[in-house]
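A.B. asks: Please find one structure pasted underneath; my questions will follow.
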Amino acid sequence: MGDFDVQDIRDQLAKQRAEAAQHQQLMLKVKRIAQNPSMEKEDYEVMDYLKIAAARQEKAKRLGLQPGRVPLLSIRVAVFE
1041 MGDFDVQDIR DQLAKQRAEA AQHQQLMLKV KRIAQNPSME KEDYEVMDYL
1091 KIAAARQEKA KRLGLQPGRV PLLSIRVAVF E
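Spelled out as structure tokens, the structure:
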């Protein structure tokens, strides 16, 4: 295993960790939405994001792409900013 292979693995690991952190933030927001019956502006943004993510996942499945190749959380939405 060469230096480039090691660097590729490190880059991929960093990317996966960032996606996992974004996913965790999203799940905390979804949990808050589930526990609070009143909807706020941010709640609608999270719902829109989930719809977009589900559509991207469905498209990847139809095209036969590997699930790990299409990052669902790569979309920048105001929810995370």
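Each residue of the sequence shown is one higher than the one before, starting from 1041 at the first, in our numbering. Ideal placement from N, C-alpha and C gives every residue a C-beta, glycine not left out.
Any chance the region 1083-1094 sits against the region 1055-1073, with 3 or more Cβ pairs inside 8 Å?
C.D. replies: yes
A.B. asks: Could you pull out every residue in the same chain whose Cβ sits closer than 6 Å to the Cβ of residue 1069, ignoring the five residues on either side in sequence?
C.D. replies: Looking up residue 1069 in the sequence shown gives position 29. 1086.
A.B. asks: When you compare only the Cα positions, how much space is there between residue 1047 and residue 1055?
C.D. replies: Here residue 1047 corresponds to residue number 7 of the sequence shown, with the count starting at 1. Here residue 1055 corresponds to residue number 15 of the sequence shown, with the count starting at 1. Straight-line Cα distance between these residues: approximately 12 Å.
A.B. asks: So for residue 1087, helix, strand or coil by DSSP?
C.D. replies: Numbered from 1 along the sequence shown, position 47 holds the residue referred to as residue 1087. Residue state, collapsed to three classes: helix.
A.B. asks: Tell me the DSSP secondary structure of residue 1068 in three-state form.
C.D. replies: Here the question's residue 1068 lines up with position 28 in the sequence shown. Reduced to three states, the DSSP call for residue 1068 is helix.
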